[in-house]
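Protein chains in written order, with our numbering: chain E, 18 to 318; chain C, 18 to 318; chain A, 18 to 318; chain G, 18 to 318. We treat Cβ as the ideally placed atom computed from N, Cα and C, and that holds for glycine. A short worksheet on the structure shown next.
Protein chains: 4
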Amino acid sequence: MSIALGDNQYGKAETRVVRIYRDTERHEIRDLNVSTALRGDFAAAHLDGDQAQVLPTDTQKNTAFAYAKEHGAGAIEDYALALARHFTDDIASVTRARVDVDEYRWERISVNGSGHPHAFVRSGQEIRSAAAVIDAGGPVKAQWVVSGIRDVVLLKSTGSQFTGFLRDRYTTLAEASDRILATSLTARWRYATADVAWDEAFAQVRSILLERFAVPHSRALQQTLWDMGSAVLAARDDIAEIRLSAPNKHHFLADLSPYGLGNPGEVFHADDRPYGLIQCAAVRDGAPDAGPAWELPASFA
Amino acid sequence: MSIALGDNQYGKAETRVVRIYRDTERHEIRDLNVSTALRGDFAAAHLDGDQAQVLPTDTQKNTAFAYAKEHGAGAIEDYALALARHFTDDIASVTRARVDVDEYRWERISVNGSGHPHAFVRSGQEIRSAAAVIDAGGPVKAQWVVSGIRDVVLLKSTGSQFTGFLRDRYTTLAEASDRILATSLTARWRYATADVAWDEAFAQVRSILLERFAVPHSRALQQTLWDMGSAVLAARDDIAEIRLSAPNKHHFLADLSPYGLGNPGEVFHADDRPYGLIQCAAVRDGAPDAGPAWELPASFA
Amino acid sequence: MSIALGDNQYGKAETRVVRIYRDTERHEIRDLNVSTALRGDFAAAHLDGDQAQVLPTDTQKNTAFAYAKEHGAGAIEDYALALARHFTDDIASVTRARVDVDEYRWERISVNGSGHPHAFVRSGQEIRSAAAVIDAGGPVKAQWVVSGIRDVVLLKSTGSQFTGFLRDRYTTLAEASDRILATSLTARWRYATADVAWDEAFAQVRSILLERFAVPHSRALQQTLWDMGSAVLAARDDIAEIRLSAPNKHHFLADLSPYGLGNPGEVFHADDRPYGLIQCAAVRDGAPDAGPAWELPASFA
Amino acid sequence: MSIALGDNQYGKAETRVVRIYRDTERHEIRDLNVSTALRGDFAAAHLDGDQAQVLPTDTQKNTAFAYAKEHGAGAIEDYALALARHFTDDIASVTRARVDVDEYRWERISVNGSGHPHAFVRSGQEIRSAAAVIDAGGPVKAQWVVSGIRDVVLLKSTGSQFTGFLRDRYTTLAEASDRILATSLTARWRYATADVAWDEAFAQVRSILLERFAVPHSRALQQTLWDMGSAVLAARDDIAEIRLSAPNKHHFLADLSPYGLGNPGEVFHADDRPYGLIQCAAVRDGAPDAGPAWELPASFA
């Protein structure tokens with residue numbers, strides 16, 4: 018049996034682009050981590066070491082910086098689309114380009130009650146992301162935009178239970194009618210179109226996710242995730258699918274009884290590992306095909 | 018348009034199981050990080066919060082510890098298969114189980130020239146992995162075994178070039194006829210069968226990967242990866258596919274000329290970010306279908 | 018020459034204590050990482066393996082949880098002092114106790130414009146810290162309280178220069194009359210007293226540090242740090258000393274000229290390593306002695 | 018009361034220098050992480066923003082690369098000393114220089130049973146370190162050399178107990194007559210002289226540390242650390258002091274009794290946090306003063 022080249026792609030990962038807008042004295046900042054991945058006619062590079070069709074990853078990095086000047090003004094979704102279009106339109110050997118952008122958020126330092134024009138402090142650990150994938154390899158050019166958020170650490174101190182579960186020989190867990198529910202949420206959602214007001218959409222999705230985590234009583238993290246995801250799709254017709262991944266960050270009630278102390282849901286041990294990992298998607302019926310939208314480079318091997 | 022529950026799975030991630038074999042005075046150790054992920058009939062948990070079909074992740078953790086006693090003796094591939102079989106065979110609501118196991122390696126502390134019977138030191142940063150996926154949801158039960166290695170940091174100080182590449186408006190890179198080539202390799206390979214001497218196979222694959230990195234002259238990391246991967250398939254008929262992911266850990270020649278010093282390939286700056294990221298697969302023609310073998314929980318969203 | 022036991026201490030590090038206040042429907046949360054370190058008459062444990070005077074680290078962990086119930090209500094400085102007092106007062110073999118507490122901050126999830134009573138989202142990556150050291154080994158009992166903050170990521174996009182520096186044979190750096198100045202600040206300040214409104218003091222110090230980073234023109238990070246630190250001491254008589262450590266997170270102007278683009282301070286590459294590291298202290302004349310206040314367990318060896 | 022500038026230092030941290038020796042076809046590699054920190058007459062930089070006496074951190078980085086060419090051949094202790102001497106001898110404003118160097122170790126890739134001349138694989142996670150401090154501020158120039166090792170992960174599966182410890186109100190720990198003892202060792206030792214065969218000394222110290230962890234029965238980690246440290250001083254007259262820091266990486270016996278399984282020391286849960294932290298020093302009587310040898314930049318604030 019013969020051996021063939023299978024899936025392959027290459028690119029430049031984690032180019033750290035910082036863009037300052039200084040047209041007025043009130044500067045703006047966009048702080049980005051950009052990764053590009055190209056697919057196409059690269060068999061010769063693998064099989065023969067022939068680079069004639071290979072645009073260097075160094076060039077991809079240069080392009081990320083150049084585009085931050087030429088096209089950097091908008092939301093990260095637009096910037097990712099512009100880069101993906103460039104690689105598929107202008108480089109003949111490229112049939113598919115994927116551009117992933119993380120954005121770190123800053124807020125103005127408050128001085129005497131108002132935001133300083135050019136001094137900033139990082140606001141939070143949450144990371145906004147966007148991915149654009151353009152495939153020019155088929156009869157029609159296709160594109161996908163996926164936006165996301167991660168490292169959103171959430172906790173509710175009541176309003177969560179876990180009862181009535183399946184038991185087998187190895188089950189020792191007690192039922193919990195009132196527990197802490199905590200997670201570090203990753204959510205990514207795929208748009209059905211690229212005609213979106215990206216920043217407003219992001220803010221709305223984030224707001225819905227947090228509200229639906231907070232408000233309904235939770236009978237399990239599964240239920241809560243589904244409620245969060247389906248609410249996003251209900252609110253925005255332009256989102257075709259949302260995928261959520263949520264570690265169950267366990268908080269165990271400390272046993273204070275040996276010291277004669279009660280502990281009615283007050284003192285907990287926040288454990289690191291292991292953790293439950295709950296993952297689900299909400300999908301709109303009749304949504305356009307996901308194609309390669311969910312194939313992150315990080316999961317190649 | 019209505020909204021439906023899409024892909025979903027849940028499990029317990031990163032259970033840290035350490036198994037000591039102490040049947041003789043010469044102890045053995047297996048040090049594992051175990052993650053389980055179940056799919057099946059879990060719509061009620063999402064839609065209604067009904068846990069009647071949900072085996073708790075706490076139980077999955079317990080089972081990992083119990084199986085380390087009951088079935089722990091063999092290679093991690095066998096342990097992963099045993100756990101996956103248990104979940105699909107014994108839990109009615111489970112149609113597919115995936116078990117991922119990382120193994121940390123230890124060597125005996127040398128005392129007066131021989132290995133101590135019960136004292137160990139961690140040997141290296143490389144992590145051996147195994148994944149078993151069993152799908153009982155179709156007409157025939159199917160299974161996949163994927164073994165892997167990661168964090169294998171490799172460097173060759175010559176025997177690597179990068180020349181003749183495509184140039185565009187944004188290309189500034191100089192051709193390099195002699196450079197450092199360095200990476201931190203991730204490789205995973207899928208077996209066509211579960212009838213394998215796992216430990217010997219792992220050792221052989223690791224040895225081939227390193228030798229093929231070392232020996233042939235490299236005209237690009239693409240060529241080197243393909244050469245490494247195809248050599249593995251050529252050597253072992255029982256491997257259907259191998260996937261490789263390799264950051265190009267750039268080493269830039271330090272410019273010492275301002276101080277009147279030459280630098281003929283001697284002093285380099287090892288840079289962190291950005292990095293090239295080269296990924297490819299080698300596949301055997303007619304290999305059985307990969308099914309869900311490559312779908313890591315980490316890439317769900 | 019004989020060999021003697023030198024400095025020694027032991028304790029429990031990184032106990033993750035979460036305290037929920039649920040006396041009303043509007044819950045409060047304190048999320049802590051607690052480390053204790055004890056010194057005293059522990060020579061027998063080292064020299065003979067005799068544990069008779071050794072309070073187990075497991076007990077220290079238990080005490081951290083119990084005190085979160087019994088004494089947990091106040092600022093982390095008070096909680097740290099209470100624990101340190103307990104160890105030195107109640108355990109005969111302990112002559113000095115050090116308690117370090119990190120606090121992770123949460124804010125309420127906003128629902129319909131108001132904060133939810135029991136659902137929270139982690140607010141930012143900044144970590145507030147407190148350390149209490151009590152030494153009962155001398156003729157008079159002594160105590161020190163050090164508060165701090167770290168992971169405060171700051172950036173100003175103008176108002177910073179670096180010119181007129183010393184040049185030697187190895188100097189190639191160009192003068193910069195307008196550059197990005199960015200850092201991830203660590204600051205710790207030592208109080209001259211324990212009679213402090215800790216939460217208000219923390220808020221004031223943080224505010225001063227940020228304002229003094231933002232406002233004055235910076236001729237070097239050294240000048241900026243001194244200005245930040247000395248302003249804190251000028252504002253609060255109860256602080257004896259402040260120590261600041263600040264990596265210079267370099268942002269290099271991207272060279273876009275090969276593509277015919279200008280770059281007047283707009284597009285930067287945020288580099289990871291190496292980084293400048295600038296450290297200074299501001300001290301009040303006649304301040305009480307620092308004693309062991311600055312000796313972090315992390316710097317023992 | 019007036020406010021004064023206190024301790025201050027600055028430098029370039031984590032310059033990643035890779036030095037290849039290619040004088041013959043059998044290349045050698047040294048892979049270093051270099052940090053420099055200078056003290057001296059830098060008050061004007063802080064108080065007035067005057068850089069006239071400030072050698073830029075960029076120059077310090079350049080010097081690290083240049084010295085890897087000019088002086089890089091020996092052990093990292095010699096390289097650190099050479100850099101420290103340069104800064105104190107050649108830069109008038111510098112009174113004290115500290116140079117910290119970490120070294121990452123590589124081994125040759127084995128090809129047909131012998132080591133390849135120019136292809137390497139990272140060998141292990143252990144990091145060798147060296148620090149040189151030279152103080153030219155006093156009447157006589159003084160110097161200190163500290164070598165070290167860290168991330169040495171050790172485990173013994175028997176031969177460890179913890180019994181007879183102090184109990185108080187909060188003590189719940191059971192006595193353990195046979196347990197797993199595991200740690201990730203950090204050790205640093207200060208030489209009494211700079212006339213040392215550094216590589217041989219390092220190998221001997223590492224070997225002693227591991228052997229003394231392995232062989233004697235342990236009644237507590239305190240006893241084991243003391244035994245390890247004092248054995249190093251007993252073996253080498255040129256070492257004045259050694260400091261050890263060792264987290265107690267707890268391995269808890271899994272309770273398998275609910276499933277009808279025994280567990281006679283076979284299956285353990287390796288927990289992450291919290292961990293005991295045991296630290297001690299062994300010091301030679303009459304050893305020269307430690308001066309600033311132990312003051313790591315990482316512990317400044």
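Handout entry: Residues of its chain near A/K29, where Cβ-Cβ distance is below 6 Å and the 5 sequence neighbours each way are ignored
Key = Cβ within range, chain order: T53, T74, Q77 and K78.
Handout entry: Per-residue contacts from C/R186 into chain A (C-beta, under 9 Å)
Key = Chain-ordered, the chain A residues with CB closer than 9 Å to the CB of C/R186 read P275, Y276 and G277.
Exercise for the section: Tell me, please, whether the CB atom of A/R290 is closer than 8 Å to any CB atom in chain C? Expected result: For A/R290, the nearest CB of chain C lies under 8 Å from its own CB, placing it at the interface with that chain.
Exercise for the section: Can you say whether C/V116 is buried or exposed, counting buried as having 16 or more other CB atoms within 10 angstroms of its CB? Expected result: With 16 or more Cβ atoms within 10 Å of its Cβ, C/V116 is classed as buried.
Exercise for the section: Output yes or no for whether 8 Å exceeds the beta carbon distance between A/L55 and A/A109. Expected result: Cβ atoms of A/L55 and A/A109: not closer than 8 Å.
Problem - Bounding residues of the alpha helix (DSSP H) (the contiguous stretch that carries G/Y96) - result: Element bounds for G/Y96: I93 to D107.
Problem - At least 3 beta-carbon pairs within less than 8 Å: the region 286–298 of chain E vs the region 91–109 of chain A - result: Taking a cut-off of 8 Å on C-beta distances, the region 286–298 of chain E does not touch the region 91–109 of chain A, as fewer than three cross pairs fall below it.
Practice task
Tell me, please, which residues DSSP counts as bridged to A/F137.
Solution key: Per DSSP, E/L172 and A/R125.
Practice task
Indicate the three-state DSSP secondary structure (helix, strand or coil) for E/Y84 in the structure shown.
Solution key: E/Y84 falls in the helix class under three-state DSSP.
Exercise for the section: Can you give me, in chain order, the residues of the region 226–253 of chain E that have a beta carbon less than 8 Å from any beta carbon in chain A? Expected result: Contact annotation: in the region 226–253 of chain E, residues whose CB is within less than 8 Å of a CB in chain A are L227, E228, F230, A231 and V232.
Exercise for the section: Answer yes or no: does any C-beta atom of chain A fall closer than 8 Å to that of E/T210? Expected result: No, its Cβ sits nowhere closer than 8 Å to a Cβ of chain A.
Exercise for the section: Could you tell me which of C/V51, C/Q70, C/V138 and C/S140 sits nearest to C/D95, measuring between CA atoms? Expected result: It is C/V51 whose Cα lies nearest to the Cα of C/D95.
Exercise for the section: Give, in chain order, every unbroken run of the beta strand (DSSP E) that is at least 3 residues long and sits entirely within the region 25–74 of chain A. Expected result: Those beta strand (DSSP E) runs which fall completely within the region 25–74 of chain A and span 3+ residues are 32–38 and 45–57.
Problem - Contiguous beta strand (DSSP E) assignments of at least 3 residues, all confined to the region 161–230 of chain A - result: As far as the region 161–230 of chain A is concerned, its whole beta strand (DSSP E) runs of at least 3 residues are 198–208.
Practice task
With DSSP collapsed to three states, give me the class of E/V157.
Solution key: Coil.
Problem - Buried versus exposed, by CB contacts within 10 Å (16 or more), E/F219 - result: Buried is the call here.
Exercise for the section: For A/H286, I'd like the list of residues in its chain whose CB is within less than 6 Å of its CB, leaving aside the five on either flank, ordered along the chain. Expected result: F269 and A271, listed in sequence order.
Practice task
Kindly indicate the opening and closing residues of the alpha helix (DSSP H) around E/G293.
Solution key: E/G293 -> not in any alpha helix (DSSP H); beta strand (DSSP E) instead, spanning Y292 to R301.
Handout entry: Given 8 Å, three or more beta-carbon pairs between the region 239–256 of chain E and the region 206–221 of chain E
Key = Segments in contact, yes.
Problem - CB contact below 8 Å: A/L29 versus chain G - result: Leu is not the amino acid found at residue 29 of chain A; the sequence shown has Lys there. For A/K29, the answer is yes, since a Cβ of chain G falls inside 8 Å of its Cβ.
Exercise for the section: Could you tell me if G/S235 is buried or exposed, where buried requires 16 or more neighbouring beta carbons within 10 angstroms of its beta carbon? Expected result: Counting the other CB atoms within 10 Å of its CB gives G/S235 a total of 16 or more, which places it among the buried residues.
Practice task
Please list the partners that G/R33 has in chain C, where partner means a Cβ-to-Cβ separation under 7 Å.
Solution key: Residues of chain C whose Cβ lies closer than 7 Å to the Cβ of G/R33 are, in chain order, H286 and A287.
Exercise for the section: Specify the secondary structure class of E/V249 as computed by DSSP and reduced to three states. Expected result: Of the three classes helix, strand and coil, the one that applies to E/V249 here is helix, per DSSP.
Handout entry: Separation of G/R145 from G/W311, as counted between CA atoms
Key = Answer to the nearest angstrom: the Cα atoms are 16 Å apart.
Exercise for the section: Determine the closest residue to G/P305 out of G/W215, G/D254 and G/E217, with distance taken between C-alpha atoms. Expected result: When each option's Cα is compared against that of G/P305, the closest is G/D254.
Handout entry: Partner residues on chain F for C/T189, Cβ-Cβ distance less than 8 Å
Key = Judged by its chain identifiers, the structure shown contains no chain F, and its protein chains are E, C, A and G.
Handout entry: Best match in C/R39, C/V213, C/F137 and C/E42 for proximity to G/L198 [C-alpha to C-alpha]
Key = Distances from the CA of G/L198 to each of C/R39, C/V213, C/F137 and C/E42 were compared; the closest alpha carbon is that of C/F137.
Practice task
Report the three-state DSSP secondary structure of G/S131 (helix, strand or coil).
Solution key: Per DSSP, reduced to three states, the secondary structure at G/S131 is strand.
Practice task
Tell me whether the beta-carbon of E/V34 lies closer than 8 Å to the beta-carbon of A/A85.
Solution key: The answer is no: Cβ separation not under 8 Å.
Problem - Sub-8 Å separation of C/E120 and C/S140 beta-carbons - result: The Cβ atoms of C/E120 and C/S140 do not sit closer than 8 Å to each other.
Handout entry: Beta carbon proximity, G/S262 to chain C, threshold 8 Å
Key = No, G/S262 lies away from the interface with chain C (no Cβ there is under 8 Å from its Cβ).
Exercise for the section: Could you give the DSSP three-state label for G/S110: helix, strand or coil? Expected result: The three-state secondary structure of G/S110, taken from DSSP, is coil.
Handout entry: For A/A257, three-class secondary structure by DSSP
Key = A/A257 falls in the strand class under three-state DSSP.
Handout entry: Which residues DSSP lists as bridging G/A263, in chain order
Key = Answer is G/I295.
Exercise for the section: Can you say whether A/T210 is buried or exposed, counting buried as having 16 or more other CB atoms within 10 angstroms of its CB? Expected result: Within a 10 Å sphere around the beta-carbon of A/T210 sit fewer than 16 other beta-carbons, which makes this residue exposed.
Problem - Unbroken beta strand (DSSP E) run spanning E/V273, endpoints - result: The sequence shown places Leu at residue 273 of chain E, not Val. Element bounds for E/L273: n/a, residue is neither H nor E.
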